[in-house]
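Per this note's numbering: the sequence shown ends with 55, consecutive numbering throughout.
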Amino acid sequence: MKYLVLLLIVLGGIWWIRQQRKPDQATTQKPGPQVMVPCAHCGTHVPEGDAVRGGKGMYCSAGHRDRHEG
Ligand SMILES: [Zn+2]
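What follows is the structure, given as structure tokens:
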């Protein structure tokens, strides 16, 4: 009976370690530091992935792109 309890503790520990590691693996899929680009209208720096691409540059939002490019 002692060994059964020990086995359950070991299995529980392995399961717990796996649960802890899962989020790390998800975050490492993202590329390292994000490139920040300034909005051509207001100058606010936004991550390149979130920036709105316009004909005259990058913008923080579609609203600023429309205002700047008329
Ligand atoms: Zn802006």
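Don't be surprised by glycine CBs; every beta carbon is placed ideally from N, CA and C. Since the structure is predicted, the reported quantities are computational estimates derived from the model, not experimental observations.
Unbroken alpha helix (DSSP H) run spanning residue i, endpoints
i, result
"H49", "47 to 54"
Same chain, Cβ closer than 7 Å to residue i, five either side skipped, listed in chain order
i, result
"E54", "G39, G40, K41"
Opening and closing residue of the beta strand (DSSP E) in which residue i lies
i, result
"M(-14)", "From DSSP, M(-14) is part of no beta strand (DSSP E); its letter is neither H nor E."
"G26", "The sequence shown places His at residue 26, rather than the Gly named in the question. H26 -> no beta strand (DSSP E), and no H or E assigned at all."
"P32", "30 to 32"
CA-to-CA distance, residue j to residue i, given in whole angstroms
i, j, result
"G48", "Q5", "41 Å"
"C45", "W1", "41 Å"
Sub-8 Å separation of residue i and residue j beta-carbons
i, j, result
"Q19", "G34", "yes"
Contacts around residue i, its chain only, beta-carbon distance under 6 Å, and the 5 residues preceding and following it disregarded
i, result
"H30", "M21, P23"
CB-CB length for residue i against residue j, believed under 8 Å
i, j, result
"V37", "R50", "5 Å"
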